[in-house]
Amino acid sequence: MSATTPATPSNTFETPKVSNFLRQTIESDLEKGTYTQRRWAGSPGDATHHAAGALDPAKIRTRFPPEPNGYLHIGHAKSICINFGLARDYGGVCHLRFDDTNPEKEDTEYVNSIIDSV
54 MSATTPATPS NTFETPKVSN FLRQTIESDL EKGTYTQRRW AGSPGDATHH
104 AAGALDPAKI RTRFPPEPNG YLHIGHAKSI CINFGLARDY GGVCHLRFDD
154 TNPEKEDTEY VNSIIDSV
């Protein structure tokens with residue numbers, strides 16, 4: 054058996070629109086004023102801590118929370134670019150916040166290396 058192949062292949066595939074859900078979410082929140090009344094007490098803390106602070110001057114806040122138990126790798130680089138880049142692009146702040154969930158494996162050498170790399 055043989056199948057007939059059209060002489061001119063028809064390509065009906067359409068390239069999907071590029072979407073960036075992070076930017077879309079940020080832009081939607083900024084447009085709606087979702088966080089315009091958010092307060093910032095100047096240091097990490099819970100809601101009660103921040104309730105006493107001034108209105109947050111940063112339009113958005115992101116964070117990069119590496120664990121200081123090794124050197125940075127390519128996955129960290131992607132996270133750094135996304136979080137620091139979005140904060141820069143939208144008039145925000147990105148916090149370098151060390152995640153200390155595994156204190157036995159943490160080392161000052163890794164902390165210093167991460168700070169230096171970022």
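All letters in the sequence shown, in the order written, are residues 54 to 171 by my numbering.
In this text, a Cβ means the ideal position worked out from N, Cα and C, and glycines have one as well.
Assigned with DSSP and collapsed to three states, F137 falls in helix.
Around R150, the same chain offers R116, P118 as residues with beta carbons nearer than 6 Å, after the five sequence neighbours per side are excluded. Within the DSSP secondary-structure output, V146 pairs in a beta bridge with R114.
Under the three-state reduction of DSSP output, L125 falls in the coil class, being neither helix nor strand.
Cβ-Cβ distances below 7 Å link D109 to R91, R92, W93 in the same chain, with the five nearest sequence neighbours on each side left out; the list follows chain order. A direct Cα-to-Cα measurement between E159 and P69 gives close to 44 Å.
Assigned with DSSP and collapsed to three states, R91 falls in coil, not helix or strand.
Looking at N155, D153, T78, R114, the one whose alpha-carbon comes closest to that of C147 is R114. Remark: C-beta atoms of I167 and L139 do not approach each other more closely than 9 Å. A residue is called buried when at least 16 other Cβ atoms come within 10 angstroms of its Cβ; F74 does not meet this threshold and is exposed.
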